[in-house]
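S.K.: Structure provided below as structure tokens; questions to follow.
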Amino acid sequence: VFSKLKNPTGRLHRVLKPLRTEYDLIMLDCPPYINLLAENIFNAADFILVPLIPTVLSARTHQQLLSFLTKKGYDTAKIHPFASMVDRRKNLHRTLTETFQTKFNGTLHTAIPYSSDVEKMGLHREPVAVFAANSTAAEAYRQLWAELYHELTEAT
């Protein structure tokens, strides 16, 4: 749909602009690949959360995303990765989670733990805080939201 329009990467920004006066926060969930929809989101968003699984491949993919955004002229300062599916028992996960903090600007401090409850969100089709409110994962998401809220209010 976007590709047939004039200035296709700015379309979503124009659609959302009038909503900014009505809402304090607009959240969009985007599939994990780069296409015209993702470029529209990069263009329209003030703050972009990027989950990073603590693997070398995930770190390389994130670096490629940053390179793509830089090449296209997008502001990479609005990219905020966070560690997700972290198994603290694994040395590699601990090391990479620390590396994300130093290597990628804007990395949030909250890490989402590896948990079957996180995996079950897809089955339940609802947030972990709804079906497992007292779980470690639900608490981590609450902490992530608190950190996100703090970052957003500092930015405005």
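Numbers in the working numbering are just positions in the sequence shown, counted from 1, shifted up by 958.
All C-beta atoms in this analysis are idealised placements derived from N, C-alpha and C, irrespective of residue type, glycine included.
Three-state secondary structure (DSSP) at F1062?
M.R.: By one-based count along the sequence shown, residue 1062 stands at place 104. Under the three-state reduction of DSSP output, F1062 falls in the coil class, being neither helix nor strand.
S.K.: Is the beta carbon of G1064 less than 8 angstroms from the beta carbon of H1038?
M.R.: Sequence index remark: in the sequence shown, residue 1064 carries index 106 (1-based). Sequence index remark: in the sequence shown, residue 1038 carries index 80 (1-based). In this structure, the beta-carbon distance from G1064 to H1038 falls below 8 angstroms.
S.K.: How big is the Cα-Cα spacing for L1010 and L1102?
M.R.: The residue you call residue 1010 lines up with position 52 of the sequence shown. The residue you call residue 1102 lines up with position 144 of the sequence shown. L1010 and L1102: Cα-Cα distance of roughly 14 angstroms.
S.K.: Counting along the chain, where does the beta strand (DSSP E) carrying L1007 start and finish?
M.R.: For the purposes of this step, residue 1007 is taken as the residue at position 49 of the sequence shown. Its beta strand (DSSP E) spans residues I1006 to L1010.
S.K.: Which residues in the same chain as T979 place their Cβ atom closer than 6 angstroms to its Cβ, once the five residues preceding and following it in sequence are excluded?
M.R.: Here the question's residue 979 lines up with position 21 in the sequence shown. Nothing meets the Cβ criterion.
S.K.: When DSSP labels each residue in this structure, what does A1041 get in the three-state scheme?
M.R.: Here the question's residue 1041 lines up with position 83 in the sequence shown. Three-state result, A1041: strand.
S.K.: Return the CA-CA distance between L1007 and T1068, expressed in angstroms with no decimal places.
M.R.: Taking the sequence shown and counting its residues from 1, one reaches residue 1007 at position 49. Taking the sequence shown and counting its residues from 1, one reaches residue 1068 at position 110. Their Cα atoms are separated by approximately 12 angstroms.
S.K.: The alpha helix (DSSP H) with K1078 in it runs from where to where?
M.R.: As a first step, residue 1078 is located in the sequence shown; it is residue number 120 there, counting from the start. Note, K1078: alpha helix (DSSP H), S1074 to H1082.
S.K.: Count the other C-beta atoms from every protein chain shown that fall within 10 angstroms of the C-beta of V1044, then say buried if there are 16 or more, exposed otherwise.
M.R.: Within the sequence shown, residue 1044 is the residue found at index 86, counting from 1. The residue in question, V1044, is buried, as its Cβ has 16 or more Cβ neighbours within 10 Å.
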